[in-house]
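Under my numbering, residues 11 to 66 are what the sequence shown spells out, in order. Beta carbons: idealized from backbone N, C-alpha and C, even for Gly.
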Amino acid sequence: MGEGVPYAQAGSQTKSFSGAACAYGVTQPALSNGVARLEAERGCARRSTRRGRRGA
Numbered sequence: 011m012g013e014g015v016p017y018a019q020a021g022s023q024t025k026s027f028s029g030a031a032c033a034y035g036v037t038q039p040a041l042s043n044g045v046a047r048l049e050a051e052r053g054c055a056r057r058s059t060r061r062g063r064r065g066a
């Protein structure tokens, strides 16, 4: 299943991929890529999380 699930949960809790990345000690792009892989594995036709300048 990989790192995507805890990353997605942390992003949901913090409402910020940057905050979640800091909590996991990874870069924001690494966390975002992990969530994107999870979405692809789950067959999401579009992103399940909104990403923007004001948070996830």
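Residue interval of the alpha helix (DSSP H) (run including residue i)
i, result
"G35", "Per DSSP, G35 belongs to no alpha helix (DSSP H) and is neither H nor E."
Beta-carbon proximity of residue i to residue j, cut-off 7 Å
i, j, result
"S28", "Q38", "yes"
"L41", "A33", "no"
Beta-carbon contacts of residue i that lie in its chain and below 7 Å, excluding the five residues immediately before and after
i, result
"V15", "L48"
"A20", "A30, A33 and Y34"
Simplified DSSP state of residue i, which is helix, strand or coil
i, result
"E13", "coil"
"G53", "coil"
Residue i classed as buried or exposed, judged by whether at least 16 other C-beta atoms fall within 10 angstroms
i, result
"G44", "buried"
Sequence-distant residues of its chain with Cβ nearer than 8 Å to residue i (five each side left out)
i, result
"C54", "none"
Residues near residue i by beta carbon distance below 6 Å, same chain, minus five either side
i, result
"Y17", "L41, G44 and V45"
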